[in-house]
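Please read the structure below before turning to the comments.
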Amino acid sequence: MQTHLLGYPRIGSNRELKKACENYWSGKIVLDELLEVGKTIVHSNWNLQKEAGIDLIPCNDFSYYDQVLDMTLTVGAIPERYQEIAFKKSEPDLYFAMARGFQKDGLDITAMEMTKWFDTNYHYIVPEFQKNQEFRLFSNKIIQEFISAKQAGINAKPVIIGLLTYLLLGKEKEEGFDKLDLAQNLLPVYIQILKELENHGAEYIQFDEPFLALDLNEKAKKTYQLIYTEIRKQFPNLKFILATYFDGLKDNLSLAASLPVDVLHIDLVRAPEQLDEALQAIPQTLSLSLGIVDGRNIWKNDFETSLQFIEKAIHAIGSERVFIAPSCSLLHSPFDLDSEKNEDILSPEIKQWLAFAKQKVYEIVALKKLASGKADYQALQQYAENKKAIDARKTSTLIHNQQVKDRVEVTTEDDAKRNNPFSTRKEEQQKVLQLPMFPTTTIGSFPQTKEVRTWRSKFKKGELTAAQYDDLLKKETERTIRWQEEIGIDVLVHGEFERNDMVEYFGEQLEGFAFTQNGWVQSYGSRCVKPPVIYGDVHRPHPMTVYWSQYAQSLTQKWVKGMLTGPVTILQWSFVRDDQPRSLTCQQIALAIRDEVNDLEKAGIRIIQIDEPAIREGLPLRKSEWQQYLEWAVEAFRISASGVEDTTQIHTHMCYSEFNDIIQNIADMDADVITIECSRSQMELLQAFADFKYPNEIGPGVYDIHSPRVPSKEEMIYLLQKAQAVIPAQQLWVNPDCGLKTRHWDETEKALIAMVEASREAAAAYVLQES
Ligand code: GLN
Ligand code: ZN
């Protein structure tokens, strides 16, 4: 039996890579200094695994920005617009230009697109393909990393994105071809890379092919056969590991098992049921790598369960054919639990249930010892400790709250329904709210200036008293309310100055959530996120937002919109407990948000927004599982929104608006008003709502807040006209694409003044046209 890892986090134990990259980009350090930081991280990762006793240590899992972009550079798929930079600048500068765009020395070149890596919160740089795309070995990073591992005394296992997965991740930038047709062009470059690695003494190669766990068409399946057969023909002696993860192989199992590789890695955390099938399906020549330690969550592995998996595999195919590993790359795990030293932030009781990347490495090593009957004293002790922690978690009073469980039990379908249908509610709401045509509003946050952030950090450090901090926030809120009144916005917001982050703010006030000091996970490039940990039954001990909403409402005669984060988004952007279904955790959060919605209503707030920007990204990878997810996700939203009277108007907001395939579910959420991102596509995204004849009200964003550019009144009128062409005017709201917290006040002021004017002119034109 052998142990291995699919990849290790690369940001460094103190986010050194983030700091070094940002310093390099801003010119504070030179390239050599950046490379030195990278080298130190790579070597310390290798040493850690070596000392722990991992058999196959990965290399080329490190990246300065993104592993897909690394591959793009390796195979020379450099889009035309970077040719000049490629010619004039160093390889790293070309690389960062592709990742971040380039605006210097008289050049102005846009970055490559970025999108989510499967269903994780990691974002990769999307390869761009042309019809006659050519490839050549451009960067030899893979080979360099292998050589430097060798010099460090490690015969590493290079990690390479599989050829098919690389193509499938990309985007066709012109019409008239299928990216899969490029496989034959790309193959020679892969062969060249493998030749060089073999010449330098590589023994194992890992091909990441997560697409094998997704829905594949016939052509893709055929191409898989073709390409791997060809690779095998050229390299009879290299040992190939085919890594699949994030879902089960399901209908692709026979395909995967038939590919001429040496080891097949399967994700037994996401799809434990596939072990039996896989053991049946694999031929004698194939070994099986069991992904048993969760690479995407922070819970300690349950040794007892894992050992059962391993024993079953050994029994079926013999220990020489069994490998053990984390389910996927540890890129998605925080670095090291040992750096959580502050017991006031993470209590020892909860900490003992957790394992970050470093701890997961030691889990894998201990499992091997325990499973092979060669457990030393240390491993036996680790087993005893593991059992104790797992048992303690099962019964901890911190986790289980009978009242919460009882309440979920008695929640019925009726709780997820408003009293009356939208058509009735619309009339009732209009009687109370008295809003004009094309009502204007914003998405919630106003600029989080440096001052606002400084107040918060001073307050946290104790340099400001609670009263002082409160006072400063109140002044900022009042100023924002006054300003919105002045420019004539119809539905105001309080500005969210008291919030650090739209999930953390709620998590900190809910029971069942824990936070870490250093639990950073790479999101994209140098950006990291620190998701909260949902460890127990969730409930709301006290109101969370009523204070600020009520204060803001007390300042004005206009309506102020209450602002909440929805249950699906809170779930999606946290580390979630693994001892109950996600749907149940989501329902608990929904009930907590419902209480908040009801309390806001009691406090006189008549319009309440429940943000759900993450509802689409929660979609399972396999289409066959979408419906089940959408059912519970939509129901959770409805539970949170349905405790109010007809006269209270519920809004929701979503940032990514590709809703074509889930528009029915969006409609099922039954929010009175939905605001969506729409300006980048010039209202194209609205078409889905038009085709569906979406019945409720919609605010398609007319102002792209992701850019510092200030749109003109005319542009916004134009977008509003486009919207009116497909959606009845009575259904339309006027608002920006998203919250304004990352913008500056001067841009915000200009853009919103123009937006209000655009709405008024559109209303006047409408009246004229109707008369
Ligand atoms: N209300 C939030 C804000 O305005 C919504 C943010 C989001 O959609 N991501 O900041
Ligand atoms: Zn948004």
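Here the UniProt record's numbering is used: position 141 in the sequence shown is 141, and no number is missing along the way.
Built from N, CA and C at the ideal position, the CB exists for glycine as well.
Could you check if residue i is buried or exposed, using at least 16 other CB atoms within 10 Å of its CB as the buried criterion?
i	result
H744	exposed
V767	exposed
E658	exposed
E631	exposed
Q381	exposed
I676	buried
H200	exposed
G170	buried
N660	exposed
S254	exposed
R321	buried
P728	exposed
R393	buried
G27	exposed
E134	exposed
H265	buried
F446	buried
H542	exposed
So what does residue i bridge to, in DSSP terms?
i	result
A325	G291
D267	G291
V538	Per DSSP, none; premise fails for V538.
V533	A514 and F575
A243	D208 and H265
I608	G562 and I650
F129	E172
G495	S445
G699	T675
L619	Answer is none; L619 lacks a bridge partner.
May I ask you to check if the CB of residue i is nearer than 7 angstroms to at least one heavy atom of the ligand GLN?
i	result
K741	yes
P613	yes
T655	It should be pointed out that residue 655 corresponds to Cys in this sequence rather than to Thr. It does: the Cβ of C655 is within 7 angstroms (strictly closer) of some heavy atom of the ligand GLN.
E451	no
G444	yes
E496	yes
M502	yes
M669	no
M563	yes
Is it true that the CB of residue j sits closer than 8 angstroms to the CB of residue i?
i	j	result
S139	T74	yes
P334	F356	yes
Y65	A99	yes
D737	I705	yes
Y524	Y122	yes
N342	Q67	no
residue 777	I205	Because the chain in this structure spans residues 1 to 771, residue 777 falls outside the shown range and cannot be described.
residue 772	L492	Outside the displayed range of the chain (1 to 771) lies residue 772, so it cannot be described from this structure.
H539	L510	yes
M112	E128	yes
A52	V37	no
I593	S640	yes
L337	A514	no
M683	K722	yes
I282	D262	no
Q588	V410	no
V702	K750	no
S287	F323	yes
T652	L600	no
D668	E697	no
Is there at least one non-hydrogen atom of the ligand ZN closer than 7 angstroms to the beta-carbon of residue i?
i	result
C738	yes
I610	no
Would you say the beta carbon of residue i comes nearer than 7 angstroms to a heavy atom of the ligand FMN?
i	result
E476	Among the ligands in the structure shown, the ligand FMN does not appear; only the ligand GLN and the ligand ZN can be found there.
Residue i and residue j look like a contact to me (Cβ under 8 angstroms); what is the Cβ gap, rounded to whole Å?
i	j	result
P158	N60	5 angstroms
I54	L5	6 angstroms
S741	E498	Inspection of the sequence shows that residue 741 is occupied by Lys rather than by Ser. Wrong, their Cβ atoms sit about 12 angstroms apart, outside the cutoff.
E612	F637	6 angstroms
E428	T647	5 angstroms
V734	T442	That belief does not hold up - the Cβ atoms of V734 and T442 are roughly 10 angstroms apart, past 8 angstroms.
T244	E209	6 angstroms
V521	V529	6 angstroms
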